[in-house]
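Enquirer: Here the numbering used here is used: the first residue of the sequence shown is 121, the next is one more, and so on.
Don't be surprised by glycine CBs; every beta carbon is placed ideally from N, CA and C.
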Amino acid sequence: MSKFSIDEILNILDHEFPETHGELNYSNPFELLIAVTLSAQTTDAAVNKVTPKLFASYPTPELLSHADPEDVEKILSKIGLYRNKTKFIIACSQQLVNNFNGVVPRTRDELVTLSGVGRKTANVVLSEGFGIPAIAVDTHIERVAKRLGLAKKDDNVLQVEQKLMKKIPKEKWARAHLLLLLFGRYYSTARSTENIDAILVGLKEKHNL
């Protein structure tokens, strides 16, 4: 259990990441949905290298729904699992056209009906794409939450999400998601052996808090 309260943790991270925003590049909810789907087991940086051409070639669900899979695979070939992801995003686009009039839905229940979209992806789209409060728990956030004692070591992803939602004020969910993600990505990494409170103390001293 961290000696820092959740408010103290978020305050420290706010100073370390003052300009925080998601690291995927997109210009609308459809592009965000596709980019997050592509980011599974792939770095955001790698996704950002392929999406400019993808979005230029297929800027709408209608166009991507009719894409030749081989053409899409060529664009995505530099990222992991690109063949499966090609199937997912084409099928997802077809579902958007057929079931939602080509518009990305604004509820989790509807989003998770789309091909390749799980709860985490849905929560990212809700939070970043529509400004709807949600906490998306990825591997970084799960690791940080457990190291901070905000969740138990044997909690599953849904349990971690629910505990974070209880402990973090709703109006801070979106910001907290990004701060905890970046903290896990760049400081309390999977390979890090440094005590998580020691990392926070270092950041606190760095910013004279």
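Is the Cβ-Cβ distance between THR157 and GLY236 less than 8 Å?
Expert: yes
Enquirer: Applying the criterion that 16 or more other CB atoms from any shown protein chain within 10 Å of the CB defines a buried residue, is GLU262 buried or exposed?
Expert: buried
Enquirer: CA-CA distance, SER177 and VAL321?
Expert: 47 Å
Enquirer: Helix, strand or coil, according to DSSP, for ASP134 in the structure here?
Expert: helix
Enquirer: Please report the distance separating the alpha-carbon of LEU216 from that of LEU184.
Expert: 10 Å
Enquirer: Leaving out the 5 sequence neighbours to the left and right, which residues in its chain are closer than 8 Å to LYS287 when beta-carbon positions are compared?
Expert: ILE126, LEU270
Enquirer: For a quick check, are the C-beta atoms of VAL232 and ARG226 less than 8 Å apart?
Expert: Going by C-beta atoms, VAL232 is not nearer than 8 Å to ARG226.
Enquirer: Run through the region 132-197 for me and flag every whole alpha helix (DSSP H) of 4 or more residues, listed as ranges in chain order.
Expert: 149-158, 164-177, 181-185, 189-196
Enquirer: Distance check for SER197 and THR259, CA to CA, integer angstroms please.
Expert: 24 Å
Enquirer: Less than 6 Å between C-beta atoms, sequence neighbours within five positions excluded: which residues of the same chain meet that for LEU133?
Expert: LEU299, PHE303
Enquirer: By Cβ distance below 6 Å, which residues in the same chain neighbour GLY249 in space, the five residues on each side in sequence not counted?
Expert: Within its own chain, the residues whose Cβ lies closer than 6 Å to the Cβ of GLY249, once the five positions on either side in sequence are excluded, are PRO149, LEU152, listed in chain order.
Enquirer: Expressed to the nearest angstrom, what Euclidean distance is found between the alpha-carbon atoms of LYS272 and VAL280?
Expert: 8 Å
Enquirer: Which of the three DSSP states, helix, strand or coil, is assigned to LYS123?
Expert: coil
Enquirer: Taking the straight line between their C-alpha atoms, what separation do you get for ASN218 and LEU329?
Expert: 53 Å
Enquirer: Between HIS297, ASN168, VAL167, ILE154, which has its C-alpha nearest PRO179's C-alpha?
Expert: Selected option, being the one with the closest Cα: ILE154.
Enquirer: Counting only the same chain and skipping the five closest in sequence on each side, list residues whose C-beta sits under 7 Å from that of ASP274.
Expert: none
Enquirer: I think VAL167 touches ILE195, with their Cβ atoms under 8 Å apart; what is that distance to the nearest whole Å?
Expert: That pair is no contact at about 12 Å.
Enquirer: When the Cα atoms are used, what is the spatial distance from VAL192 to SER159?
Expert: 16 Å
Enquirer: Which value, in whole angstroms, describes the spacing of the CA atoms of ARG311 and ILE129?
Expert: 21 Å
Enquirer: Which value, in whole angstroms, describes the spacing of the CA atoms of TYR202 and THR162?
Expert: 10 Å
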